[in-house]
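Peer 1: Encoded as structure tokens, here's the structure I'll be asking about.
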Amino acid sequence: MKTVRKAVLPVAGLGTRVLPATKSVPKEMLPVFDRPAIQYVVNEAFEAGIEHIVFVTGRNKSSIDDHFDRAYELESSLREKNKSDILDQLEGERPIAGSMSFVRQQSPLGLGHAVWCARDVIGDEPFAVLLPDVLVKAKPSCLTQMIAAYNDRGGNIIAVEPVPHDQVNMYGIIEPKSRDGAIIEMAGMVEKPSIDDAPSNLSITGRYILQPEIFNLLSNQARGSGGEIQLTDAMATLMETQDFFALEYQGESFDCGSKQGYLRAFLRYALDHQLEGEASHATLRRLLDENAASSV
């Protein structure tokens, strides 16, 4: 069983659900308190032991490349002003040279097509997929928990979390076959089932560990929902010949691709910040009190 060393981050999406904020700024670069959203996802990957990240990008996404590069003028200015704490923080989050690749998805043909675009960099290895507009607060990180499950079971791993039964029609939902603690053998998955027909209330979170055979399936995958090449369609086919497990991870996810999900993420990361958390609590309480007073 090969080690999971590489991860794919599809970042070519247009972020239409959070327009107009994303008209000229990639949704992945929107700040979540004190750093862009993409930084949290990259940190999660590296914390889990990922050695190489493949960004599948599109037009007008060059700021992502720049964010993970050195900024010589900025570093020089910080050094001259003796702002060593900020400089140390920037240097601490800068990736090792050669640990990132950037490939283009020239046409918006769906998540499955975006993953397929990374095939030559991934090669014949299992790999992780992390959707960059989904942030997951977890300790250890969600992907760390998934890799532990993969090392125990092998196969393909999908992160899941429970949602209220009356909301299952808003998510991709797995069909369980059997369960051993937090690890669930899967019988299938359903995209946005009706409330009455949902096989469970376990929704797919946006974190996957997949075997490389998925690339051959994606090469010939017919277009599915929305006229796009869907990753879930290829996974359903792969499930016929390989084991798929769901991991009910310990943590909380935030859909930063929606305005309310982005707001929740911003507030949660601000309130939990090691240095600024207490001040963030005070600011939020003051704003809520002011809003309540003005509405009386």
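Under the working numbering, the first residue of the sequence shown is numbered 696, with each subsequent residue one higher. Ideal placement from N, C-alpha and C gives every residue a C-beta, glycine not left out. Values in this document were obtained by computation on a predicted structure and should not be read as measured data.
Which of the three DSSP states is assigned to Phe1019 in this structure?
Peer 2: No statement about residue 1019 is possible, as the shown extent of the chain runs from 696 to 991 and does not include it.
Peer 1: What residue range is occupied by the uninterrupted beta strand (DSSP E) comprising Asp984?
Peer 2: Segment 972-989 is the alpha helix (DSSP H) holding Asp984; no beta strand (DSSP E) there.
Peer 1: What residues match up with Met795 in a beta bridge as DSSP calls it?
Peer 2: Ile748
Peer 1: For a quick check, are the C-beta atoms of Ile1016 and Ala716 less than 7 Å apart?
Peer 2: Any answer about residue 1016 is impossible in this case: the structure gives the chain only from 696 up to 991.
Peer 1: Would Phe910 and Arg799 qualify as a contact pair, given that the criterion is a beta-carbon distance under 7 Å?
Peer 2: no
Peer 1: May I ask you to list the residues that DSSP assigns as paired with Asp950?
Peer 2: Val829
Peer 1: Determine the closest residue to Leu806 out of Glu870, Gln925, Met884, with distance taken between C-alpha atoms.
Peer 2: Gln925
Peer 1: For Cys951 and Tyr957, which I take to be in contact (beta-carbon distance under 8 Å), what is that distance rounded to the nearest angstrom?
Peer 2: 5 Å
Peer 1: In three-state terms, what does DSSP make of Leu942?
Peer 2: strand
Peer 1: If you run the structure through DSSP and keep just helix, strand and coil, what is Tyr735?
Peer 2: helix
Peer 1: Tell me the DSSP bridge mates of Phe822?
Peer 2: Lys701, Leu905
Peer 1: At what residues does the beta strand (DSSP E) containing Gly883 begin and finish?
Peer 2: 878-886
Peer 1: With distances taken between CB atoms, is the gap from Ile759 to Met841 smaller than 7 Å?
Peer 2: no
Peer 1: Can you name, in chain order, every residue of its own chain whose Cβ lies under 6 Å from the Cβ of Ala965, other than the five neighbours on each side?
Peer 2: Phe728, Ser975
Peer 1: Taking C-beta to C-beta, are Val699 and Pro821 nearer than 7 Å?
Peer 2: yes
Peer 1: In or out: Tyr767 buried (at least 16 other Cβ within 10 Å) or exposed?
Peer 2: exposed
Peer 1: Can the beta-carbon of Val863 be found closer than 7 Å to that of Ile890?
Peer 2: yes
Peer 1: Please tell me whether Ile879 and Pro871 are closer than 7 Å, where the distance is taken between their beta carbons.
Peer 2: yes
Peer 1: Contact defined as beta carbons within less than 8 Å: I believe Phe750 pairs with Leu704. What is the distance between those atoms, to the nearest angstrom?
Peer 2: Contact holds; Cβ gap of about 5 Å.
Peer 1: Note down the Cα distance separating Ser953 from Glu886, rounded to an integer number of angstroms.
Peer 2: Rounded to the nearest whole angstrom, the C-alpha separation of Ser953 and Glu886 is 18 Å.
Peer 1: On the premise that Leu825 lies in contact with Arg902, defined as a C-beta separation below 8 Å, what is that separation, rounded to the nearest angstrom?
Peer 2: 6 Å
Peer 1: Consult DSSP for Glu935 and reduce its assignment to one of helix, strand or coil.
Peer 2: Correct three-state label for Glu935: coil.
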